[in-house]
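If you read the sequences in order, they're chains U and X.
Throughout, the numbering used here is defined as the position within the first sequence, counted from one, plus 12.
Throughout, the numbering used here is defined as the position within the second sequence, counted from one, plus 62.
Don't be surprised by glycine CBs; every beta carbon is placed ideally from N, CA and C.
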Amino acid sequence: DTGVSQNPRHKITKRGQNVTFRCDPISEHNRLYWYRQTLGQGPEFLTYFQNEAQLEKSRLLSDRFSAERPKGSFSTLEIQRTEQGDSAMYLCASSFTLANYGYTFGSGTRLTVV
Amino acid sequence: DAKTTQPTSMDCAEGRAANLPCNHSTISGNEYVYWYRQIHSQGPQYIIHGLKNNETNEMASLIITEDRKSSTLILPHATLRDTAVYYCIVRVEGNAGNMLTFGGGTRLMVKP
C-alpha cells in the first residue's frame, strides 16, 4: 500500500478555468476527506465521504466547489470558474470508520490560479 | 470541538527532548487530544492521541494533565527531520462531522 495518492501534485490554471483533482485513498479505508490549506494556515475541512455517500458538504467554500466519490474508491474535487483566491494546497485524507488512530493524508495538490 | 492554544514557534537542539505544550481548557469529557505534524510540502502526519492517560508510541509521548486542560507532546530525541509544524487538536471520537479542526500549530525548528 502506497498510502493516499493525489494527482496532480501541482496545477497552474488561468482564472475562470475549471480544474479537477483526484484522490486515491488507502484501499481498505471507507472514509475520505478533502481539506484546503492556504499559506501559513492549518488545513481547513471542506467535505467528506463514507463509501460513496457525501455526508458533509456544508463546508465547501462555494457552489463552485463540488466533490464526488462515485464507486466509493477514488474521489475527485472540482473547482469551476477558478478565482485567484482559490490558490491553495488541496489535501485529501482517508480513514477507516472504526480505526482510532487518526487519518492518513496525501501530499496534496498545489493549485495556482493566475 | 474544543479550541486549542499552542505557541507559534519553538526551537530545540538536535538530540534533546522537544516538549510541545497545548492548552485545551474547554475540553469536554468525551474529547480526545490528537497530535499531527506537517513537514514542509507534505500532508499532515498522525503522531499520537489520547483521552486521559499518558500515551507513548514509537514517535512520541503524550502527557495529559489530570484535569485534561492541557497536554504536552514529547519528542524524546529530536532530529533535524522533526522540523515541522505540530498541530494539537481535540475532537469527539465518532462525531457526525468527523472532521479535524486545525489551528495554527507550533512551528518547531530543530537546530544542529
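Exposed unless 16 or more other CB atoms sit within 10 angstroms - verdict on residue i
i, result
"A79 of chain U", "buried"
"L124 of chain X", "buried"
"D98 of chain U", "buried"
"A158 of chain X", "Caution is warranted here: a pLDDT of 44 is assigned to A158 of chain X, below 50, making its placement in the model unreliable, and the coordinate value is therefore given only provisionally. It is exposed - the Cβ of A158 of chain X has fewer than 16 other Cβ atoms within 10 Å."
"I38 of chain U", "buried"
"Q96 of chain U", "exposed"
"G180 of chain X", "Nothing about residue 180 of chain X can be reported from this structure: the residues present for chain X run from 63 to 174 only."
Contacts of residue i in chain X (Cβ-Cβ under 7 Å)
i, result
"Q66 of chain U", "Here the premise fails: no neighbours, minimum Cβ distance about 13 Å."
"P55 of chain U", "P106, F164"
"G120 of chain U", "G105"
Contact list for residue i against chain U, beta-carbon separation under 9 Å
i, result
"Y148 of chain X", "Per Cβ cutoff of 9 Å: no residues; Y148 of chain X is ~11 Å from chain U at best."
Cβ-based neighbour list, residue i, same chain, cut-off 8 Å, excluding 5 preceding and 5 following
i, result
"G84 of chain U", "N42, F61, N63, E64"
"H139 of chain X", "G77, R78, A79"
"A122 of chain X", "W97, I109, I110, L135, I136, L137, P138"
Opening and closing residue of the beta strand (DSSP E) in which residue i lies
i, result
"Q107 of chain X", "107–112"
"V31 of chain U", "31–36"
"K23 of chain U", "22–25"
Which residues DSSP lists as bridging residue i, in chain order
i, result
"R99 of chain X", "X:Q107, X:Y148"
"Y45 of chain U", "U:Y60, U:A105"
Cβ-based neighbour list, residue i, same chain, cut-off 7 Å, excluding 5 preceding and 5 following
i, result
"G112 of chain X", "Y94, V95, L124, I126"
Cβ neighbours of residue i in the same chain (closer than 6 Å, five flanking residues each side left out)
i, result
"K131 of chain X", "S87"
Proximal chain U residues relative to residue i, where beta-carbon distance stays under 8 Å
i, result
"G91 of chain X", "By Cβ distance, chain U contributes nothing, its closest Cβ being about 17 Å from G91 of chain X, past 8 Å."
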